[in-house]
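Participant:
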Amino acid sequence: MLSSAVLAVLTAIPSSSAAVSIGTACSTNHDRLDAITGKLYSDCDDTAFCSGSTNATCQPRVCRRDEFPFGFGNATAVPTLCKDGTYCPDEGSGCKALVGVGLPCQVERDEQCAPPPNWQDIASSWNNNGSVCLKSMCTRYANMTLGQPCISDVVSYADGASTIARHNCQTPRFYCHSGFAVCVPTKALGLPCESNEECQSITCGSQGMCVDPPGTPIHVKAWHFVITGLSVIATMCAIVVMLTLFHKRQRLKRYQEIREFYDEQVELRRSLAALHAAAADRYDEKGRYD
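Read in order, the letters of the sequence shown correspond to residues -18 to -1, 1 to 272 in mature numbering (1 follows the signal peptide of the UniProt record, and there is no 0).
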């Protein structure tokens, strides 16, 4: 299975095959795999294949291997998918029967190999129903266990930017050790690694440690919920206390302003009363004097 980096390269790099029309002469000798993307190119465009020894012309593709094949527009008829027990080759020349052990297969096309009788016991995301195509050959399934000899197939894409190592060890329990060519146990999360197949999670992080694959749901522990809940409650209580204190402070300030206002009014009335009394006394004294 190609990594996300390889898929990005496949969508970013345009097809280098000549856009020839159906019925144009071609030669299967020109069929080749792109060294950067691993994509099959021929004399025909992405909607056709070279019929080779039949009449050596470009013919419409008869089958497809992907749900949404590359190169087909809305107006172009999309070929059908192959039924169970058959496969569609890279060139799309037509559905073929699955290949037995020891027979050739196309690069990284595990689905071209026939599965073993006990495929449910050894099937994983790193093979197709327990079958693997290594070094363009259907091997004896992905069933090698601890200490048993294994076959490793390393393919680089995008000029070495992405490297995929595949093997016939039983995954994800074991991987093929590059130095001893035997199956050894895969590594748990947090252990050092050099490539994805070394990890039980099938993901070796950028720091050289086995990590969870991208998109893995985060499992929160119970004490995380407790701490989070207590933190939320404490924050809410702190906000309520702060708002209460702020409100009380505002009320106290308003109360002091009103009290000062009334004190000023009372003092003013007292001053007016004293002034009125003093004026009245002076008037009485003046009247008696006259």
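Think of the CB as a built atom: it goes at the ideal place given N, C-alpha and C, for glycine as much as any other residue.
1) C132 and G82: beta carbons closer than 8 Å?
2) I'd like the ranges of any beta strand (DSSP E) spanning at least 3 consecutive residues and lying wholly in the stretch 8 to 84.
3) Return helix, strand or coil for N178, following the three-state DSSP convention.
4) Run through DSSP, which three-state label would D194 get?
5) Give the range of the alpha helix (DSSP H) segment to which I104 is assigned.
6) Here's the rule I'm using: 16 or more other beta-carbon atoms within 10 Å means buried, otherwise exposed. How should H149 be labelled?
7) DSSP three-state label for R148, please.
8) Count Cβ pairs between the stretch 170 to 185 and the stretch 199 to 210 that sit closer than 8 Å; are there 3 or more?
9) By a C-beta neighbour count over all protein chains shown, 10 Å radius and 16 as the cutoff for buried, is D266 buried or exposed?
10) Grab the span of the beta strand (DSSP E) containing V166 for me, first residue to last.
11) Let me check understanding here. Comparing Cα to Cα, which of N100, Q102, D103 and G84 lies closest to Q94?
12) Roughly how many angstroms lie between the CA atoms of S106 and S9, to the nearest whole one?
13) Look at the alpha carbon of R236 and the alpha carbon of S253, and state the distance between them as a whole number of angstroms.
14) Assuming contact is defined by CB atoms lying nearer than 8 Å, are T210 and C165 in contact in what I supplied?
15) Does DSSP classify V136 as helix, strand or coil?
16) Between Q88, G161 and I4, which has its C-alpha nearest G129's C-alpha?
17) With distance defined between alpha-carbon atoms, name the residue in G190, D48 and Q247 nearest to D28.
18) Under a three-way DSSP split, which group does residue 287 fall into?
19) When the Cα atoms are used, what is the spatial distance from P86 to Y69?
20) Residues bridged to M119 by DSSP?
21) Closer than 8 Å by C-beta to E239: which residues in its own chain qualify, once you throw out the five before and the five after it? Chain order, please.
22) Under the three-state reduction of DSSP, which class applies to A260: helix, strand or coil?
23) Under 8 Å, do Y157 and E180 count as touching if we go by C-beta distance?
24) Of the choices G76, S213 and G55, whose alpha-carbon is the least far from that of K65?
25) Measuring only the C-alpha atoms, how far is T6 from R43?
26) Quick check: the Cα distance between R122 and S35, rounded to an integer number of angstroms?
27) Apply the 10 Å Cβ neighbour rule to S113 and answer buried if 16 or more other Cβ atoms are within range, or exposed otherwise.
28) In this structure, does DSSP put F162 in helix, strand or coil?
Facilitator: Concretely, from the data shown:
1) no
2) 30 to 32 and 40 to 42
3) helix
4) coil
5) W101 to I104
6) buried
7) strand
8) no
9) exposed
10) C165 to P167
11) G84
12) 38 Å
13) 26 Å
14) no
15) strand
16) G161
17) D48
18) There is simply no residue 287 to check, as the chain begins at -18 and stops at 272 in what is shown.
19) 14 Å
20) P86 and L116
21) none
22) helix
23) yes
24) G76
25) 14 Å
26) 32 Å
27) buried
28) coil
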